[in-house]
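For what it's worth, UniProt numbering labels the leading residue of the sequence shown as 1, then goes sequentially.
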Amino acid sequence: MDLSTEELLNRKETLKQFDNYIEDTENTLKCFVEKVGWTLDKTPIKDNLVKCPINSEHRMSPSKLEVHCQKCILKKNGYDSSHSFYPSYNLSTLLSQTVTIDEITQMHILKTAYDESNSTLNMIKECLVQDILQYFIVHYKKYILF
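Here's what the structure looks like:
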């Protein structure tokens with residue numbers, strides 16, 4: 001298998017490109033390792049990451065698993081970081097962080113909400129009645145005696 005001079009030069013060029021790529025990759029790795037405060041000789045090789053129980057493609061350190069799972073469940077259900085959630089009730093919540101509303105104020109809030117909803121419903125009813133009357137006047141004018 002004799003190679004032409006041109007083919008030999010092409011292969012040498014390809015090998016040179018591979019060598020340059022490997023050297024660039026090693027330099028990038030060294031820079032990254034230095035930025036995170038590691039050294040290549042002390043970088044742990046053992047993979048001590050755990051798999052996410054929600055998405056087995058996710059891997060993280062055991063200390064971050066709980067927080068990751070909470071986020072992963074939300075993402076799986078279609079939520080993202082732009083959504084806000086009320087904090088879950090925690091028995092250790094201090095009383096100073098709890099809002100207490102006396103019974104009279106509670107009743108006032110409920111009555112106000114009820115009155116406002118009835119007011120809206122009454123406005124809708126009035127509009128409907130006016131629309132129905134207008135319809136009958138337009139379509140049945142000849143049957144109505146004024």
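Glycine included, each C-beta is placed from N, C-alpha and C at the ideal position. Fair warning: this is a prediction, and the values are worked out from it, not measured in the lab.
Which residues DSSP lists as bridging residue i, in chain order
i	result
Met60	Val50
CB of residue i within 9 Å of CB of residue j, strictly
i	j	result
Ile73	Ile54	yes
Leu29	Leu40	yes
Leu59	Cys52	Strictly speaking, residue 59 in this sequence is Arg, with Leu absent from that position. Closer than 9 Å, so yes.
Contacts around residue i, its chain only, beta-carbon distance under 8 Å, and the 5 residues preceding and following it disregarded
i	result
Lys76	Ile54 and Asn55
Ser61	Asn48, Leu49 and Val50
Ile132	none
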